[in-house]
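If you're matching them up, the sequences are chains A and B in order. For the first sequence, my numbering gives the first residue as 325, with consecutive numbering after it. For the second sequence, my numbering gives the first residue as 193, with consecutive numbering after it. Glycine included, each C-beta is placed from N, C-alpha and C at the ideal position.
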Amino acid sequence: MNRSSKIIRYVSRRLIQGIPIILAIVVLNFFLLNLAEGDAVDVLAGEAGSATPEYMEEMRKKFGLDKPLPVQLAVYLKNVLQLDLGYSFRHDMQVTELIIDRFWPTLILMVSTILLAVGFGVLLGLFAAINLNTWKDSMVSVFALITYATPLFWVGLMMIILFSIKNDWFPTSGMENSAMFYEGFERVKDIAHHLVLPTITLSLFYLALYTRMMRASMLEQYGQDYVITARAKGVSERRITFVHVLRNALLPVVTMAGVQVGALIGGSVIVESVFAWPGLGMLAFESLFARDLNLLLGIFLLSSGLVVAVNLVVDVVYCFLDPRIEVN
Amino acid sequence: MADFWKRFSRNRQAVLGLVILCVVIFVAAIANFIFPTDPFLYSKFPLSAPGENGFLLGSDSIGRDVASGIAHGAKTSLLIGLIATLAAVFIGVIFGAFAGYYGGIVDDILMRITEVFQTIPSFVFAILLVAIMKPSIESVVIAITVVSWPAVARLVRGEFLGLKNREFVQACHTLGMSDLRIMLAEILPNCLSPIIVIGSLMVATAILIESGLAFLGLGDPNVMSWGFIISDGRSMLRVAWWICTFPGIAILITVLAINLVGEGLNDALNPRLRERN
């Protein structure tokens, strides 16, 4: 069998492996929803101030909350498969619709974060590895150690104090200045201006992670036989580092960028609520206060699905990038 | 033990971490003596800057002492970090031990479950769990435990897989020992050092998760914590920078110290690894 059909088989097998995980998460989701004290009708009634028991019964019937649990689970599964994640009573909208609305801001934030973190992480790790065991290397290590230990929300607040309150360089919150009705390029510029602080905040932790990984990966590659061969051939150290070692060292770092996507989603809940960035994280934060569990579960389900999907994509990209990987 | 201490103290960063950690533990232990009043108690002096009106680190919008909050919060953070980690290690060891020792279908089932829990974005999951159970110390501990155990399970499984076919285990089989006894009394002690290392690093992560939850308003409303002070001081950021700044530094220093100790333990417990680097 040739390689490309092997890859196709590998991809389809990985796809099939992903299905039970998704199913398990959906079932878990359902049970969490039922674990919660009080159902959607209780929440609605509480908000309205007064509701007769008869009216509540009627509402329960309407939402199918009076059926036995297995039936409810089956209905829930069917709905989720049709991408129907229920109704957000607080926003008076379908959860799926709401999530799609708020997905783009989060995507912008995540992509810019990954680019920044991977880019600078690779540079810093490379810098540390070239200057191994010198004060430059130690500086990078200390930076990584400290960033690793800093809570994201605190970094965000400190950024606001320094760059928005003390110096009025960047806006404190939001994604764009909607009162200005910017269009076209002006609007892009405005969004980019709002994006700076949240992106730096969210990328710091991953920057530390990628720096450490890049350094370790470079050191590992330096110990490989091909480096000795290159040296014996008389290739300059510079060329060995930048042409041979760097390319091989990049691979595992790129893979890690995909694996970390779950943690990135968690981080964006924090960062978005600090900077009022109107994405999924902010939506999750809002739903906490409204006790809008349907919405929170929908976001949770989507982010889990995203992790499964990204892992799959990374695995596939990886076997295209590195022909040594066995796809069997 | 003396040998271990010698190796540990060779790592200056680890010793520094240990010293800082001891200071934090000390502050947490004497919080009730230096700040005997309730940290939630408000005073007549709101928004005092650090040093003003006898507030070393300032006061918040209703005049609560930030220093007192930090001292009492230290107790909360350390306790939650420790208890959640112990619980996660307990569950992880059970899962990993059974999966690694028995292999086959047991391994398959247990590892599939672990995989599901590892796929779920952990912080979002923790938020969801606390939101559903209502914020309290118990629900925060449970949430952190639930998102932390899979890493331990994977580690322990790997160790058990590597050890279960070694001669000393085979000898135990011939002596007629029960599986449970072999697992607990023979194999487990041999993989304690990686468990201790991962556990110490998990305490740091647990403290970060706890502060993040408290920041989002998911901490126990009746217990003072660092995340709570910061989340409460957020709206005062413009006029009172100190409310958010100092508790954040407390988190940073504590987590950093625990990480340093963890890495020191790693070096001291796995001397071979150290020589390789």
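{"query": "With H, G and I counted as helix, E and B as strand and the rest as coil, what does DSSP make of Tyr-506 (chain A)?", "result": "coil"}
{"query": "Identify the continuous alpha helix (DSSP H) that holds Leu-208 (chain B) and give its terminal residues.", "result": "204 to 226"}
{"query": "According to DSSP, simplified to helix, strand and coil, what is Tyr-234 (chain B)?", "result": "coil"}
{"query": "How about Thr-337 (chain B): is its C-beta nearer than 8 angstroms to some C-beta of chain A?", "result": "no"}
{"query": "Considering Cα atoms alone, identify which of B:Tyr-293, B:Ala-449, B:Phe-247, B:Ala-266 is closest to Leu-380 (chain B).", "result": "B:Tyr-293"}
{"query": "In terms of residue numbering, what span does the alpha helix (DSSP H) encompassing Gly-590 (chain A) cover?", "result": "585 to 599"}
{"query": "Output, in sequence order along the chain, the residues in the stretch 396 to 414 of chain B whose CB is closer than 8 angstroms to any CB in chain A.", "result": "Ala-396, Leu-400, Ser-403, Gly-404, Phe-407, Leu-408, Gly-409, Leu-410"}
{"query": "Compare the C-alpha of Cys-383 (chain B) against each of B:Asn-224, B:Phe-317, B:Arg-346, B:Gly-411 and name the closest.", "result": "B:Arg-346"}
{"query": "Are the C-beta of Cys-214 (chain B) and some C-beta of chain A separated by less than 8 angstroms?", "result": "no"}
{"query": "Go ahead and pull the three-state DSSP assignment for Met-417 (chain A).", "result": "strand"}
{"query": "With DSSP as the reference, label Asn-469 (chain B) as helix, strand or coil.", "result": "Because Asn-469 (chain B) carries a pLDDT of 38, less than 50, the predicted location of this residue cannot be relied on, and the following value inherits that uncertainty. Coil, per DSSP."}
{"query": "Check the Cβ-Cβ distances between Ser-201 (chain B) and every residue of chain A, and say whether any is below 8 angstroms.", "result": "no"}
{"query": "In the DSSP assignment, find the unbroken alpha helix (DSSP H) run with Leu-619 (chain A) in it and report its ends.", "result": "617 to 645"}
{"query": "Below 8 angstroms, how does it come out for the stretch 443 to 452 of chain B and the stretch 466 to 474 of chain A: are there three or more Cβ pairs, yes or no?", "result": "yes"}
{"query": "The alpha helix (DSSP H) that contains Trp-493 (chain A), what's its start and end?", "result": "Premise fails: Trp-493 (chain A) is in no alpha helix (DSSP H) and is neither H nor E."}
{"query": "Name, please, each residue of chain A whose Cβ falls closer than 7 angstroms to the Cβ of Trp-197 (chain B).", "result": "In chain order: nothing, as chain A lies at least about 23 angstroms away."}
{"query": "Nearest by alpha-carbon distance to Gln-406 (chain A): which of A:Ala-398, A:Val-634, A:Gly-605 is it?", "result": "A:Ala-398"}
{"query": "Sorry if obvious, but does the Cβ on Ile-343 (chain A) come closer than 7 angstroms to a heavy atom of the ligand ADP?", "result": "Within the structure as shown, the ligand ADP is missing, as the structure has no ligands at all."}
{"query": "Return no unless some Cβ of chain A is closer than 8 angstroms to the Cβ of Ser-331 (chain B).", "result": "no"}
{"query": "When DSSP labels each residue in this structure, what does Val-253 (chain B) get in the three-state scheme?", "result": "The sequence shown places Ser at residue 253 (chain B), not Val. It is coil, neither helix nor strand."}
{"query": "Which residue comes first and which comes last in the alpha helix (DSSP H) that contains Gly-391 (chain B)?", "result": "384 to 407"}
{"query": "I'd like to know if Tyr-546 (chain A) contacts chain B, where contact means its C-beta is closer than 8 angstroms to some C-beta of that chain.", "result": "no"}
{"query": "Roughly how many whole angstroms lie between the Cα atoms of Val-308 (chain B) and Val-338 (chain B)?", "result": "12 angstroms"}
{"query": "Return yes when the Cβ of Gly-603 (chain A) is within less than 8 angstroms of the Cβ of Val-419 (chain A), no when it is not.", "result": "no"}
{"query": "Can you check whether the CB of Met-428 (chain B) is closer than 8 angstroms to the CB of Ser-340 (chain B)?", "result": "no"}
{"query": "Count the other CB atoms within 10 Å of the CB of Glu-467 (chain B); is the residue buried (16 or more) or exposed (fewer)?", "result": "At Glu-467 (chain B), the pLDDT of 44 sits below 50, so the modelled position is not reliable; the number obtained from the coordinates is stated separately. That one is exposed."}
{"query": "At least one CB of chain B closer than 8 angstroms to the CB of Phe-624 (chain A): is that the case?", "result": "yes"}
{"query": "Using the Cα positions of Val-285 (chain B) and Gly-558 (chain A), report the straight-line distance between them to the nearest angstrom.", "result": "51 angstroms"}
{"query": "Is Ser-417 (chain B) helix, strand or coil when you go by DSSP?", "result": "coil"}
{"query": "Applying a beta-carbon distance threshold of less than 9 angstroms, which residues of chain A neighbour Gly-440 (chain B)?", "result": "Thr-474, Pro-475, Phe-477, Trp-478, Val-479, Leu-481, Met-482"}
{"query": "On the criterion of 16 or more Cβ atoms from any shown chain inside 10 Å, does Ser-417 (chain B) qualify as buried, or is it exposed?", "result": "buried"}
{"query": "Could you name the residues of chain A that Trp-433 (chain B) contacts, counting a contact when the two beta carbons are closer than 7 angstroms?", "result": "Ile-485"}
{"query": "Quick one: grab the DSSP three-state call for Ser-412 (chain A).", "result": "strand"}
{"query": "What does a CB cutoff of less than 7 angstroms around Arg-626 (chain A) pick up in its chain, not counting 5 residues either side in sequence?", "result": "In the sequence under discussion, the amino acid at residue 626 (chain A) is Leu, which differs from the Arg named in the question. Only Ile-423 meet the Cβ criterion."}
{"query": "Which residues mark the beginning and the end of the alpha helix (DSSP H) in which Gln-406 (chain A) is found?", "result": "No alpha helix (DSSP H) holds Gln-406 (chain A); DSSP gives it neither H nor E."}
{"query": "Residues of chain B with a CB under 9 angstroms from the CB of Phe-451 (chain A): which are they?", "result": "Ordered by position in chain B, no residue passes the 9 angstroms Cβ test against Phe-451 (chain A), which lies about 19 angstroms from the chain."}
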